[in-house]
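Same order as they appear, the protein sequences are chains P and E. Here the first sequence is numbered in this note's numbering, starting from 363 and rising by one per residue. Here the second sequence is numbered in this note's numbering, starting from 408 and rising by one per residue. Even glycine gets a Cβ: it sits at the ideal position worked out from N, Cα and C.
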Amino acid sequence: MFELLGVPPQALFGQVLLGLINGSFYAILSLGLAVIFGLLNIINFTHGAQYMMGAFVAWMCLNYLGLNYWAALLLAPIIVGATGVAVERLLLKRIAHLDHLYGLLLTFGLALIIQGLFRNQYGSSGLPYAIPPQLTGGQNLGFMFLPNYRAWVIVASLIVCLGTWFLIEKTKLGAYLRAATENPTLTQAFGINVPLLVTLTYGFGVALAAFAGVLAAPIYSVNPNMGGDLIIVVFAVVVIGGMGSIMGAIVTGFSLGLIEGLTKVFYPEGAATVIFVIMVLVLLVKPAGLFGRTA
Amino acid sequence: MTDLASTDAPAAGLSLAETDNGTARLHRNLFIAIAVMLAIAPFVAYPVFVMKVLCFALFALAFNLLLGYGGLLSFGHAAYFGMASYVSAYTAKNWGLTPELAILLGTAVGAGLGLVFGALAIRRQGIYFAMITLALAQMVFFFSLQTPRFTGGEDGIQAVPRGKLFGLVSLADDRALYWLVAAIFMGGLLLIYRVIHSPFGQVCKAIRDNEPRAISLGYRANQYKLMVFVLSATLAGLAGATKAIVFQLASLTDVYWTMSGEVVLMTLVGGLGTVFGPIVGAIVIVAMQNYLATLGAWVTVVQGGIFVLCVLLFREGIVGVISKAIKKPL
């Protein structure tokens with residue numbers, strides 16, 4: 363067995379793979395945060411809780427309704443996205459005229475409520491969710507063993523991320539969205555229903571989080587606390603990347619996941635903090651973030 | 408950046424009244440009332456409960472100094488509170504320091520951490536500022552989690568000796584310790600009151616309300632922001648260090664993000680940008696936690712609910728509403 367930089371390749375590539383998977387969650391979540399921030403000017407603290415809800419809806423679909431993973435992958439984003447639409451219409455709309463820090467406080471409160479309710483109902487120990495039968499097993503690539511499900515998570519995330527990029531940067535709807543982000547009043551004067559666009563955007567961002575939650579369910583167990591710590595890491599990712607660019611969010615998310623995975627191999631103690639350390643370095647060198655537009 | 412406080416805080420609209428005699432007299436009377444209440448509290452209530460309220464009230468006062476008067480929403484104040492708590496507990500237990508030295512050392516660490524984190528966080532504004540402080544605090548949490556030799560890991564630092572004040576007065580008795588905590592709280596409150604009403608405090612408010620204008624008038628906004636940040640972190644550290652001696656415990660709860668959320672909640676409930684609001688908020692939230700302690704995760708749900716209701720319907724907070732009713736800043 364050969365060694366790479368003093369580390370067995372199986373461990374190295376295993377962690378790189380896990381890093382990429384985490385990175386795909388960072389990418390999807392920071393993408394959702396960036397899209398929501400662009401139009402609503404709030405940082406959606408509920409994002410982690412909505413990611414957790416996605417995983418729970420998948421679990422409920424399986425255990426209460428007998429619907430399999432693939433149905434959940436479609437249904438969970440729709441259901442959780444619909445709750446997001448309700449949240450925007452009932453709550454966020456009322457504080458849209460206030461300073462955006464109130465949006466942070468409101469969504470933080472909402473995250474506490476959701477996490478508390480799920481913890482009461484399902485406990486904190488986590489519920490198992492099996493890998494769908496089509497994706498069990500794996501491929502032997504010679505230098506490493508690649509579990510099918512993990513490969514699927516990375517591919518699916520890439521497709522969703524690039525699809526979102528295409529939707530926002532290349533389609534008519536995306537053009538409306540970008541216009542409303544630049545200048546909502548003027549966009550509305552051109553006859554575009556901006557309030558509806560705002561609602562749908564929030565729903566879409568939330569649906570992205572739920573999609574990530576379903577992808578995560580078979581890898582990490584379904585747990586009410588799964589989103590709480592993750593969202594803070596995603597905040598750091600957002601600070602590093604800056605929220606100005608969709609592609610920037612995707613690239614930053616995947617690269618930071620990769621760096622975190624590599625840190626786990628070479629300096630395991632630093633793995634939990636490496637992203638925060640990178641955030642500090644970026645703040646020192648380029649305070650606006652790597653892809654940030656404004657200082 | 409349109410500032411949080413400029414839209415809601417009563418202080419902004421009523422700043423003229425601050426120089427008026429009636430307000431000064433009212434504030435003096437309030438301070439006397441607080442001192443009297445502090446004097447009788449240990450005889451009518453359970454001293455440990457009152458000390459808990461005082462520690463959290465000081466923590467909330469420190470937080471409000473930054474948000475209410477500096478316009479900076481820090482979502483990571485648990486870092487200074489918790490780290491100071493660890494240092495105070497560790498030095499009192501393992502180095503055998505007297506309580507006042509342990510508290511001072513903890514406070515100094517809070518201040519140092521505040522200086523470093525503040526210098527980083529003020530490089531960005533508004534929403535990013537909140538996210539950066541939160542992320543930095545989470546880094547402190549992971550550090551605490553991974554250095555069990557210092558923090559005791561999941562167990563925390565338990566059975567911290569209360570020791571003898573100045574090596575002379577034993578603080579083992581709750582009543583004895585109470586007077587120390589009351590003195591620390593009163594000192595912190597008076598300091599914050601003094602800072603808010605000093606020329607420094609006025610400049611901070613100017614920066615909060617209109618940063619570009621303050622800069623154009625020649626004020627170095629970043630220096631003021633950093634100073635108010637360090638001051639806030641120092642007092643948060645003082646609160647945390649004192650708490651470690653009171654409960655003889657420093658644990659991961661103190662550095663976790665939920666603690667940062669709690670102090671935001673206390674300030675919001677009591678009244679952002681009011682002098683006395685955070686004290687009222689701390690009493691309400693600590694009392695609520697005590698009553699609901701048996702309900703487990705429902706405490707989180709109730710806290711979240713209060714957050715949502717406060718933001719939607721009650722942005723001025725309890726003291727803010729009273730202040731509006733009597734048309735005087737509190």
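Could you compute how far the alpha carbon of Gly428 of chain P sits from the alpha carbon of Ile593 of chain P? If you number the first sequence from 1, residue 428 of chain P lands on position 66. If you number the first sequence from 1, residue 593 of chain P lands on position 231. Cα to Cα, Gly428 of chain P sits roughly 30 Å from Ile593 of chain P.
So, is the C-beta of Tyr535 of chain E closer than 8 Å to a C-beta in chain P? Locating residue 535 of chain E in the second sequence gives position 128, counting from the first residue. Yes - at least one Cβ of chain P is within 8 Å of the one on Tyr535 of chain E.
Contact list for the region 624-636 of chain P against chain E, Cβ threshold 7 Å: Of all residues in the region 624-636 of chain P, the ones placed with a Cβ closer than 7 Å to any Cβ belonging to chain E are Glu631, Ala634, Thr635, in chain order.
is_contact[Ile622 of chain E, chain P] using C-beta, thresh 8 Å: As a first step, residue 622 of chain E is located in the second sequence; it is residue number 215 there, counting from the start. With 8 Å as the cut-off, Ile622 of chain E does not count as an interface residue toward chain P.
How would you list, in chain order, the residues of chain P whose beta-carbon sits under 8 Å from the beta-carbon of Gln630 of chain E? The residue you call residue 630 of chain E lines up with position 223 of the second sequence. Those do not exist, as Gln630 of chain E stays about 17 Å from chain P at its closest Cβ, beyond 8 Å.
Using the Cβ count rule (16 or more neighbours within 10 Å means buried), how would you classify Thr614 of chain P? Reading the first sequence from its first residue, position 252 is the one you call residue 614 of chain P. With 16 or more Cβ atoms within 10 Å of its Cβ, Thr614 of chain P is classed as buried.
Where do the N-terminal and C-terminal ends of the alpha helix (DSSP H) with Pro439 of chain P fall, by residue? Position 77 of the first sequence, counting from 1, holds the residue named residue 439 of chain P. Start and end: 431-452.
Are the CB atoms of Gln372 of chain P and Val568 of chain P within a distance shorter than 8 Å? Counting from one through the first sequence, the residue named residue 568 of chain P turns up at place 206. Counting from one through the first sequence, the residue named residue 372 of chain P turns up at place 10. In this structure, Gln372 of chain P does not lie closer than 8 Å to Val568 of chain P by Cβ.
Alpha carbon to alpha carbon, what distance is there between Leu508 of chain P and Leu374 of chain P? Translated into the one-based positions of the first sequence, residue 374 of chain P becomes position 12. Translated into the one-based positions of the first sequence, residue 508 of chain P becomes position 146. Leu374 of chain P and Leu508 of chain P: Cα-Cα distance of roughly 13 Å.
Rounded to a whole number of angstroms, what is the C-alpha to C-alpha distance between Gly477 of chain E and Cys611 of chain E? Here residue 477 of chain E refers to the residue found at position 70 of the second sequence. Here residue 611 of chain E refers to the residue found at position 204 of the second sequence. Taking the straight line joining both Cα atoms gives about 5 Å.
Work out the CA separation of Ala438 of chain P and Asn430 of chain P for me, nearest whole Å. Taking the first sequence and counting its residues from 1, one reaches residue 430 of chain P at position 68. Taking the first sequence and counting its residues from 1, one reaches residue 438 of chain P at position 76. Approximately 11 Å, taken between the alpha carbons.
What span of residues does the beta strand (DSSP E) with Gln710 of chain E cover, start to end? Here residue 710 of chain E is taken as the residue at index 303 of the second sequence, counted from 1. Careful: Gln710 of chain E lies outside any beta strand (DSSP E), inside the alpha helix (DSSP H) at 705-720.
According to DSSP, what are the bridge partners of Gly500 of chain P? In the first sequence, the residue the question calls residue 500 of chain P occupies position 138. Note: Gly500 of chain P sits in a beta bridge opposite P:Pro509.
Answer with buried or exposed for Gly420 of chain E, where buried requires no fewer than 16 other C-beta atoms within 10 angstroms of its C-beta. Against the second sequence, residue 420 of chain E aligns to sequence position 13. In this prediction, Gly420 of chain E scores a pLDDT of 40, lower than 50, which makes its location untrustworthy; the coordinate-derived value is nonetheless stated afterwards. Answer is exposed; the Cβ neighbour count stays below 16.
Identify the residues that DSSP records as bridge partners of Leu572 of chain E: which are they? Sequence index remark: in the second sequence, residue 572 of chain E carries index 165 (1-based). Leu572 of chain E is bridged to E:Val576.
Looking at the unbroken alpha helix (DSSP H) that takes in Gly519 of chain E, where does it start and where does it end? Sequence index remark: in the second sequence, residue 519 of chain E carries index 112 (1-based). First-last of the alpha helix (DSSP H) with Gly519 of chain E: 506-528.
If contacts are defined as beta-carbon pairs under 8 Å, then Phe470 of chain P and Gly727 of chain E qualify, I think. What distance do you get, rounded to the angstrom? Counting from 1 along the first sequence, the entry for residue 470 of chain P is found at position 108. Counting from 1 along the second sequence, the entry for residue 727 of chain E is found at position 320. About 20 Å; that fails the 8 Å criterion.
Minimum Cβ-Cβ distance from Met363 of chain P to chain E less than 8 Å: Here residue 363 of chain P refers to the residue found at position 1 of the first sequence. Caution is warranted here: a pLDDT of 46 is assigned to Met363 of chain P, below 50, making its placement in the model unreliable, and no coordinate value can be reported.
Sequence-distant residues of the same chain with beta carbon closer than 6 Å to Ala528 of chain E, five excluded per side: To locate residue 528 of chain E, count along the second sequence from 1; it is residue 121. Here the set comprises Phe536, Ile539, Thr540.
Residue range of the alpha helix (DSSP H) that includes Glu561 of chain E: Residue 561 of chain E sits at position 154 when you count from the first residue of the second sequence. In the DSSP annotation of this structure, Glu561 of chain E is not part of any alpha helix (DSSP H), being labelled neither H nor E.
Using DSSP with H/G/I as helix, E/B as strand and the rest coil, what is Leu584 of chain E? Numbered from its first residue, the second sequence carries residue 584 of chain E at position 177. If DSSP states are grouped into helix, strand and coil, Leu584 of chain E belongs with the helices.
Which of the three DSSP states is assigned to Pro371 of chain P in this structure? Numbered from 1 along the first sequence, position 9 holds the residue referred to as residue 371 of chain P. Shown here, Pro371 of chain P sits in a helix according to DSSP, grouped into three states.
To which residues of the same chain is Tyr487 of chain E closer than 6 Å at the C-beta, ignoring the five residues directly before and after it? Locating residue 487 of chain E in the second sequence gives position 80, where the first residue counts as 1. Within the same chain, Tyr487 of chain E has close Cβ partners Gly517, Leu520, Gly521, Ala640, Ala643, Gly644.
Give a yes or no on whether 8 Å exceeds the smallest Cβ distance from His462 of chain P to chain E. Along the first sequence, one-based indexing puts residue 462 of chain P at 100. True, the Cβ-Cβ gap to chain E drops below 8 Å.
Exposed or buried, what is Asp562 of chain E when buried is set at 16 or more other beta-carbons lying within 10 Å of its beta-carbon? As a first step, residue 562 of chain E must be located in the second sequence, where it is residue number 155. Exposed, since its Cβ has fewer than 16 Cβ neighbours within 10 Å.
Would you mind telling me which residues of chain P sit closer than 8 Å to Val715 of chain E, beta carbon to beta carbon, in chain order? As a position in the second sequence, residue 715 of chain E is number 308, starting the count at 1. Going along chain P in sequence order, the residues near Val715 of chain E (Cβ under 8 Å) are Leu453, Leu468, Gly471, Leu472, Ile475.
I'd like to know if the region 647-666 of chain E and the region 481-501 of chain E are in contact, where contact means that at least 3 CB-CB pairs between them fall below 8 Å. Output reads yes: the region 481-501 of chain E touches the region 647-666 of chain E.
In chain P, which residues lie with their C-beta within 7 Å of the C-beta of Arg530 of chain E? Numbered from 1 along the second sequence, position 123 holds the residue referred to as residue 530 of chain E. Residues of chain P passing the Cβ test: Leu645, Pro649.
Three-state secondary structure (DSSP) at Leu463 of chain P? As a first step, residue 463 of chain P is located in the first sequence; it is residue number 101 there, counting from the start. If DSSP states are grouped into helix, strand and coil, Leu463 of chain P belongs with the helices.
In three-state DSSP terms, what is Ala732 of chain E? Taking the first residue of the second sequence as 1, we reach residue 732 of chain E at position 325. Correct three-state label for Ala732 of chain E: helix.
Leu679 of chain E by DSSP, collapsed to three states: which one? The count along the second sequence starts at 1 and reaches residue 679 of chain E at position 272. Note: Leu679 of chain E maps to coil in three-state DSSP.
Smallest Cα separation from Gly565 of chain P: which of P:Leu463, P:Leu402, P:Leu382? Looking up residue 565 of chain P in the first sequence gives position 203. It is P:Leu402 whose Cα lies nearest to the Cα of Gly565 of chain P.
Give me the subset of the region 538-557 of chain E whose CB atoms are less than 8 Å from a CB atom of chain P, sorted by chain position. Met538, Ile539, Leu541, Ala542, Leu543, Gln545, Met546, Phe549, Phe550, Leu552, Gln553
Going by beta carbon distance, what residues of the same chain come within less than 7 Å of Asp581 of chain E, once the five residues before and after it are set aside? Locating residue 581 of chain E in the second sequence gives position 174, counting from the first residue. Excluding sequence neighbours, Asp581 of chain E sits near Pro454, Val455.
DSSP three-state call for Leu489 of chain P: helix, strand or coil? The residue labelled residue 489 of chain P in the question sits at position 127 within the first sequence. Here Leu489 of chain P sits in strand by DSSP.
Taking C-beta to C-beta, are Gly560 of chain E and Leu552 of chain E nearer than 8 Å? Translated into the one-based positions of the second sequence, residue 560 of chain E becomes position 153. Translated into the one-based positions of the second sequence, residue 552 of chain E becomes position 145. Judged by beta-carbon spacing, Leu552 of chain E lies within the 8 Å limit of Gly560 of chain E, meaning their Cβ atoms are closer than that value.
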